[in-house]
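Residue numbers 1 to 393, in full-length UniProt numbering, belong to the letters of the sequence shown in order. Please read the structure below before turning to the comments.
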Amino acid sequence: MYQLEKLRSQTSHYQLKDIVERVVKPVEVTPEKKYTQIGIRSHGKGIFIKEEVTGKELGNKRVFWIEPNCFIVNIVFAWERAVARTTFVHNGLIASHRFPMYKLDDMKVDLDYFTRLFLTNKGKTLLELASPGGAGRNKTLGQKEFLNLEIDLPNIQIQKFISSFLEKLDNKILLQEEKINLLRDQRKGYIKKIFTQELRFKDDKGHEFSKWSPSTLSKIANITMGFTPDTKNNDFWEGDIPWLTIAGLNNKYIYTGNKFITSSATLGKEIVPKDTLIMSFKLSIGKLAIIKEPLYTNEAICHFSWKTNNISNEYIYYYLSSINVPSFGSRAAKGITLNKDSLNSIVIELPCIEEQNKIANFLSAIDKKINIEENRLNLLLNQKQAFTQHMFI
């Protein structure tokens, strides 16, 4: 890496007009003929293909043939990194005048490197400089300003090496994302089969478990709600006692709050014990978690304490995540809402505790696999980010 950084630091200075050339191939539109246009998503999300239209539908719109192996930019959202590279896949497609294309001097600049450069923060800054005007649609990339931009480039071999390395990383990231999506699809399929009882588990001796019994939350759980201390009272806030809102419900297991309150804010309130299943029932309805340390929550989160020992937290977590919880609520001005009565009415299909545990263990094992693969994906993403930061300085 050190040697590469050293070589990377040996750069040549260019104005873009010295290394890029605008490509313009106007389309002579025939009214009866069909055409397919492209667009470019912001934030480096690439080219997308629009639905086919006739020349008559295009009307007087100025359109141009896509040229493969070009740098292409959406002039309206260039400042949001709406840039990409064209390939032979885009042969025969068209774009409006809002998507100028540029051929590069391939003796001095690598197309993939050049495109990636404008996806970095440095590239974003350059595109903003070349996009005079206000915000949003008034902040349009100026052709002259773009060509007058100045950049430093390493030699072409270093550019190609960097591009190749990042392409390999991108392929690894893509494969990892596909692996995660496959596991998620498998999880979704298993959950559907398990909770429709298409898939049943057996005991350790291979015997069938007993039939499931329908129940309601009111029969198996005591339900409590959280609270919000007076936000105008500074004595209640910035303490050391964890307090959780829906914004902090981001994982299956919660170990602390996303905000902190003082002991005076908790007077007369009961803390939620560890290993309690909780669920959001206002605004973002049906977000679930199991808390692993005692804490308090706001009033948009309810807590379940079981009336019997024959209930598995983990099973109910997966069961509730498999059903349409909002369907038990009522429509109000701000959307669907749940109250204590509607929460109590939620129907639960209960197997015996042994089968509950088998189901929970099975689904937890899948979740652990997903978490492992997500961690591997994050490592790859961090590796790419670190390499990009070093190579595009």
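Glycine is no exception: its CB is placed at the ideal position from the N, C-alpha and C atoms. As the structure is a computational prediction, the values presented were derived from the model and not from experiment.
Just verifying my parser: in three-state terms, what is the DSSP assignment at Leu244?
Here residue 244 is taken as the residue at index 244 of the sequence shown, counted from 1. The answer is strand: DSSP assigns Leu244 an E or B state.
To which residues of the same chain is Tyr2 closer than 6 Å at the C-beta, ignoring the five residues directly before and after it?
Taking the sequence shown and counting its residues from 1, one reaches residue 2 at position 2. Bear in mind that the predicted position of Tyr2 carries a pLDDT of just 49, short of 50, making it too unreliable to give a figure here.
Pull up the distance between the alpha-carbon of Leu127 and that of Ile19, whole angstroms please.
Locating residue 127 in the sequence shown gives position 127, counting from the first residue. Locating residue 19 in the sequence shown gives position 19, counting from the first residue. The alpha-carbon atoms of Leu127 and Ile19 are separated by roughly 17 Å.
Which term fits Thr54, buried or exposed, when burial requires 16 or more other beta carbons within 10 angstroms of its beta carbon?
Looking up residue 54 in the sequence shown gives position 54. The residue is exposed, with fewer than 16 neighbouring Cβ atoms inside 10 Å.
Should Lys252 and Ile278 be called a contact, given that it needs their Cβ atoms to be closer than 8 Å?
If you number the sequence shown from 1, residue 252 lands on position 252. If you number the sequence shown from 1, residue 278 lands on position 278. No, the pair does not count as a contact, with Cβ atoms beyond the cut-off.
So within the stretch 54-84, which uninterrupted beta strand (DSSP E) runs reach at least 3 residues, ignoring any that extend past its ends?
63-65, 71-73
Taking Cβ to Cβ, would you say Glu299 is nearer than 8 Å to Phe227?
Residue 299 sits at position 299 when you count from the first residue of the sequence shown. Residue 227 sits at position 227 when you count from the first residue of the sequence shown. Yes. Within cutoff.
Can you name the start and end residues of the alpha helix (DSSP H) that Ala386 belongs to?
Along the sequence shown, read from residue 1 onward, the residue named residue 386 stands at position 386. 353-391 is the span of the alpha helix (DSSP H), which, as asked, contains Ala386.
Which residue from Val89, Lys307, Asp170, Thr30 puts its Cα closest to that of Asn60?
Here residue 60 refers to the residue found at position 60 when the sequence shown is read from its first residue. Out of Val89, Lys307, Asp170, Thr30, Thr30 has the C-alpha closest to the C-alpha of Asn60.
Within the same chain, show all residues whose beta-carbon is closer than 7 Å to that of Leu175, passing over the 5 residues directly before and after it, in chain order.
As a position in the sequence shown, residue 175 is number 175, starting the count at 1. Cβ within range, chain order: n/a, list empty.
Verify whether the separation of the beta carbon atoms of Asp152 and His43 is less than 8 Å.
Here residue 152 refers to the residue found at position 152 when the sequence shown is read from its first residue. Here residue 43 refers to the residue found at position 43 when the sequence shown is read from its first residue. Against a cut-off of 8 Å, the Cβ pair of His43 and Asp152 comes out as no contact.
Grab the span of the beta strand (DSSP E) containing Ile348 for me, first residue to last.
Taking the first residue of the sequence shown as position 1, residue 348 is located at position 348. Counting along the chain, the beta strand (DSSP E) containing Ile348 begins and ends at 347-350.
For Glu52, name the three-state secondary structure that DSSP assigns.
Translated into positions along the sequence shown, residue 52 becomes position 52. Coil.
What is the DSSP secondary structure of Tyr255, reduced to helix, strand or coil?
Taking the first residue of the sequence shown as position 1, residue 255 is located at position 255. Three-state result, Tyr255: coil.
Starting from Phe304 and walking both ways along the beta strand (DSSP E), at which residues does that stretch end?
Walking along the sequence shown from the start, residue 304 turns up at place 304. 301-306 is the span of the beta strand (DSSP E), which, as asked, contains Phe304.
Between the Cα of Ala78 and those of Glu67, Asn121, Ile348, spot the shortest distance and give me the residue it belongs to.
Taking the first residue of the sequence shown as 1, we reach residue 78 at position 78. Among Glu67, Asn121, Ile348, the Cα nearest to that of Ala78 is on Asn121.
Is it the case that the stretch 195-211 contacts the stretch 354-366, given that we only count it when at least three CB pairs across the two stretches are under 8 Å?
yes
Would you call Tyr255 buried or exposed, if buried means 16 or more other Cβ atoms sit within 10 Å of its Cβ?
Here the question's residue 255 lines up with position 255 in the sequence shown. Taking every protein chain shown into account, the CB of Tyr255 has fewer than 16 other CB atoms within 10 angstroms, so this residue is exposed.
What would DSSP say about Val272, mapped onto helix, strand or coil?
Working through the sequence shown from its first residue, we reach residue 272 at position 272. Three-state DSSP puts Val272 in a strand.
Would you report the Cα separation of Phe209 and Gln356, rounded to the nearest angstrom?
Counting from 1 along the sequence shown, the entry for residue 209 is found at position 209. Counting from 1 along the sequence shown, the entry for residue 356 is found at position 356. Their Cα atoms are separated by approximately 10 Å.
Rounded to whole angstroms, what's the CA-CA distance from Ser280 to Ser345? Just pull it up for me.
Looking up residue 280 in the sequence shown gives position 280. Looking up residue 345 in the sequence shown gives position 345. Rounded to whole angstroms, the separation of the alpha carbons of Ser345 and Ser280 is 16 Å.
Using the DSSP secondary-structure output, state which residues sit across from Lys45 in a beta bridge.
Here the question's residue 45 lines up with position 45 in the sequence shown. Note: Lys45 sits in no beta bridge, so no partner.
Look up Asn234 in the DSSP assignment and say whether it is helix, strand or coil.
For the purposes of this step, residue 234 is identified with residue 234 of the sequence shown, where counting begins at 1. If DSSP states are grouped into helix, strand and coil, Asn234 belongs with the helices.
Between Val73 and Thr125, what straight-line distance do the alpha-carbon atoms span, to the nearest angstrom?
As a first step, residue 73 is located in the sequence shown; it is residue number 73 there, counting from the start. As a first step, residue 125 is located in the sequence shown; it is residue number 125 there, counting from the start. About 15 Å.
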